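Residue numbers (the working numbering), protein chains in the order written: chain Y, 175 to 289; chain H, 9 to 127.
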């Protein structure tokens, strides 16, 4: 298995532009998670989906952020308009099954820089 | 509510000496506990997990952790550090969410411990 796939790996954009991050979870996994990692705030959960349905989006910082999961093999995280404070590494993770001990598998991350 | 506290933000050891990374957790329910490792500019990789079976859990790369309910701790250890162990380590707790029918629950990450290994 190729693991969780994220694209792009690096993104540099200017303030005000729309940014779309993409994630392909591991085949057969039914939960998908979006995280943001910064030096100041560490690793934060933004939103997660179970069977393509958003379960908890309380970590989404504001209305500029939106996430979708149109099918079991694809999810997007969109920032519009982007701001310099959105600069961070964004991780996608997926998990199979419902047990609490089922680990999440992380993608390599997308490093976003907003100028 | 669930939370996890990593007591040391930085730990430095010499190659060949033991490693101890400390973690305390808080959970209203029977938790599952994990240690993840993140090497520079890489994603997070699972080291080991506790699932209410054996209290001493062995993971990859010679790491192990012991679940101590009385102390609410899940410290990570390794008998002999290697240069390649230099990375950031995250202690993580997960517990079921009754409001979601016990289904999909969140991982709560600690703030991380940066391990440096000196030659």
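Beta carbons: idealized from backbone N, C-alpha and C, even for Gly. In this text the structure is predicted, and so the values were computed from the model without any measurement.
Among the options, nearest to residue i - alpha-carbon criterion
{"i": "residue 34(H)", "options": "73(H), 9(H) and 75(H)", "result": "9(H)"}
{"i": "residue 192(Y)", "options": "265(Y), 280(Y) and 240(Y)", "result": "240(Y)"}
{"i": "residue 256(Y)", "options": "249(Y), 235(Y), 267(Y) and 215(Y)", "result": "235(Y)"}
{"i": "residue 237(Y)", "options": "243(Y), 253(Y), 244(Y) and 225(Y)", "result": "253(Y)"}
{"i": "residue 77(H)", "options": "31(H), 24(H) and 14(H)", "result": "31(H)"}
{"i": "residue 69(H)", "options": "81(H), 88(H), 75(H) and 82(H)", "result": "88(H)"}
{"i": "residue 184(Y)", "options": "209(Y), 277(Y), 247(Y) and 262(Y)", "result": "262(Y)"}
{"i": "residue 189(Y)", "options": "266(Y), 265(Y) and 258(Y)", "result": "258(Y)"}
{"i": "residue 42(H)", "options": "125(H), 100(H) and 123(H)", "result": "100(H)"}
{"i": "residue 40(H)", "options": "281(Y), 277(Y) and 282(Y)", "result": "277(Y)"}
Integer Cβ distance of residue i from residue j, believed to fall under 8 angstroms
{"i": "residue 71(H)", "j": "residue 56(H)", "result": "6 angstroms"}
{"i": "residue 85(H)", "j": "residue 27(H)", "result": "6 angstroms"}
{"i": "residue 242(Y)", "j": "residue 249(Y)", "result": "7 angstroms"}
{"i": "residue 264(Y)", "j": "residue 206(Y)", "result": "Between residue 206(Y) and residue 264(Y) the Cβ distance is about 13 angstroms, and since that is not below 8 angstroms, they are no contact."}
{"i": "residue 267(Y)", "j": "residue 209(Y)", "result": "7 angstroms"}
Beta-carbon neighbours of residue i, restricted to chain H and to distances below 7 angstroms
{"i": "residue 280(Y)", "result": "51 and 52"}
{"i": "residue 277(Y)", "result": "42, 54 and 57"}
{"i": "residue 283(Y)", "result": "51"}
Residue i, enclosing beta strand (DSSP E) - first and last residue
{"i": "residue 47(H)", "result": "No beta strand (DSSP E) holds residue 47(H); DSSP gives it neither H nor E."}
{"i": "residue 89(H)", "result": "Taken as a continuous stretch (DSSP letters only), residue 89(H) belongs to no beta strand (DSSP E), as it is neither H nor E."}
{"i": "residue 116(H)", "result": "115-117"}
{"i": "residue 269(Y)", "result": "262-269"}
{"i": "residue 76(H)", "result": "72-76"}
{"i": "residue 18(H)", "result": "18-22"}
{"i": "residue 226(Y)", "result": "Premise fails: residue 226(Y) is in no beta strand (DSSP E) and is neither H nor E."}
Proximal chain Y residues relative to residue i, where beta-carbon distance stays under 7 angstroms
{"i": "residue 77(H)", "result": "Near residue 77(H) there are no residues of chain Y at all, since even the closest Cβ is about 16 angstroms away, more than 7 angstroms."}
Proximal chain Y residues relative to residue i, where beta-carbon distance stays under 9 angstroms
{"i": "residue 120(H)", "result": "216 and 217"}
{"i": "residue 98(H)", "result": "216 and 217"}
{"i": "residue 117(H)", "result": "209, 216, 217, 218 and 219"}
Partner residues on chain H for residue i, Cβ-Cβ distance less than 8 angstroms
{"i": "residue 265(Y)", "result": "51 and 52"}
Within 8 angstroms, do at least three Cβ pairs link the stretch 185-201 of chain Y to the stretch 16-35 of chain H? Note that the stretch 16-35 of chain H does not touch the stretch 185-201 of chain Y; fewer than 3 beta-carbon pairs, one per stretch, sit closer than 8 angstroms.
At a cut of 8 angstroms, does the stretch 209-223 of chain Y reach the stretch 114-122 of chain H through at least three beta carbon pairs? Enough Cβ pairs lie closer than 8 angstroms, so yes.
Report yes or no: do three or more beta-carbon pairs, one from the stretch 277-288 of chain Y and one from the stretch 61-75 of chain H, lie closer than 8 angstroms? The stretch 277-288 of chain Y vs the stretch 61-75 of chain H: no contact.
Check whether the stretch 261-281 of chain Y touches the stretch 79-96 of chain H, taking contact to mean three or more Cβ pairs, one atom from each stretch, closer than 8 angstroms. With a cut-off of 8 angstroms, the stretch 79-96 of chain H and the stretch 261-281 of chain Y do not count as touching, because too few Cβ pairs lie within range.
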